[in-house]
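Trainee: Residue 1087 in this note's numbering sits at position 151 of the sequence shown, with consecutive numbering throughout.
Built from N, CA and C at the ideal position, the CB exists for glycine as well.
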Amino acid sequence: MFIDTLKERILKEGKCFEGGVLKVDRFINHQMDPYLMKQISIEFIRRFADLSVNKIVTVEASGIAPAVMLGYQMELPVVFVKKQQPSTMSDMYVAHSRSFTKQCDYNMVISKEFLTSDDHVLFIDDFLACGSAGKGIVDLCRQAGATIEGMGFIIEKEFQMGRHVLEAAGVKRIESLAIIESLDNGQIKFK
Ligand code: 5GP
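1) When every heavy atom of ligand 1 is checked, does at least one fall within less than 6 Å of the C-beta of residue 965?
2) Candidates 953, 1012, 1038, 973: which alpha carbon is nearest residue 1001's?
3) Hey, would you say the C-beta of residue 952 is under 6 Å away from at least one heavy atom of ligand 1?
4) When the distance is taken between beta carbons, is residue 1089 closer than 7 Å to residue 1112?
5) How about residue 1029 and residue 1069: are their beta carbons less than 7 Å apart?
6) Over the uninterrupted beta strand (DSSP E) stretch that includes residue 1040, give me the two end residues.
7) Measuring alpha carbon to alpha carbon, tell me which of 981, 1052, 1043, 946 ends up nearest residue 964.
8) Beta carbon of residue 938: closer than 6 Å to some heavy atom of ligand 1?
9) According to the neighbour-count rule (16 or more other Cβ atoms, all chains shown, within 10 Å of its Cβ), is residue 1098 buried or exposed?
10) Between residue 993 and residue 1021, is the Cβ-Cβ spacing less than 7 Å?
11) With three or more C-beta pairs closer than 8 Å as the rule, is the stretch 978-996 touching the stretch 1049-1063?
12) Might you give, ordered along the chain, the residues of its own chain that have their beta carbon closer than 8 Å to the beta carbon of residue 916, omitting 5 neighbours on each side?
13) Specify, as a first and last residue, the run of the alpha helix (DSSP H) that residue 943 falls within.
14) Are residue 1019 and residue 1065 closer than 7 Å when you measure CB to CB?
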């Protein structure tokens, strides 16, 4: 099964860092494995098959690869939320978020042109940690009047409680492919 392959890969190539950070830069966050990304997108398609979606949304930078692969397979447009406002962007929605890995606050921005009340959004990201990025997406969609149909993550670190944050923010459908129960003592323990 594909999920077993993904978990094996995380166990073999993932590295644990202080503060509950998992580095998977051999195949997701720096060097990327397009074939794995393809399998990830096929699994997302299977899990979200019952949803009616017209747009994939992600956050730069690490969400872009899985989101584009999914958009390609589903033949849907992909929009990535920016973490810095480009000088050429004027009409946009802005939401506040906090970076888990950098431990700093930042603004998420998306042009009003690319998120509207007609949109039924599937949000895709590499990690679900404390749920701050996902909550920012909820905020942006609320401002635009767009509907969030679901959120999909490659890796969820369950012990950082992001799922509860997103559920409390009204997200009804959350799918994570590999769920990590703990990273205690540098050991990756899956649920
Ligand atoms: P959250 O907003 O849910 O707290 O964190 C999710 C975001 O932070 C994701 O966009 C992801 O890029 C980054 N992130 C969170 N935890 C990790 C981690 O353990 N490793 C890596 N590489 N990125 C993470």
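Mentor: This is what the structure gives:
1) Because some heavy atom of ligand 1 lies under 6 Å away, the Cβ of residue 965 counts as near it: yes.
2) Measuring from the Cα of residue 1001, the nearest candidate turns out to be 973.
3) Checking the Cβ of residue 952 against ligand 1 gives no.
4) Cβ atoms of residue 1112 and residue 1089: closer than 7 Å.
5) Judged by beta-carbon spacing, residue 1069 lies beyond the 7 Å limit of residue 1029, meaning their Cβ atoms are not closer than that value.
6) Where residue 1040 is concerned, the enclosing beta strand (DSSP E) stretches over 1040-1047.
7) Relative to the Cα of residue 964, the nearest Cα in the group 981, 1052, 1043, 946 belongs to 946.
8) no
9) Under this definition residue 1098 is a buried residue.
10) no
11) yes
12) Here the chain comprises residues numbered 937 to 1127, so residue 916 is not present and cannot be evaluated.
13) 938-949
14) Between residue 1019 and residue 1065, the gap from beta carbon to beta carbon reaches 7 Å or more.
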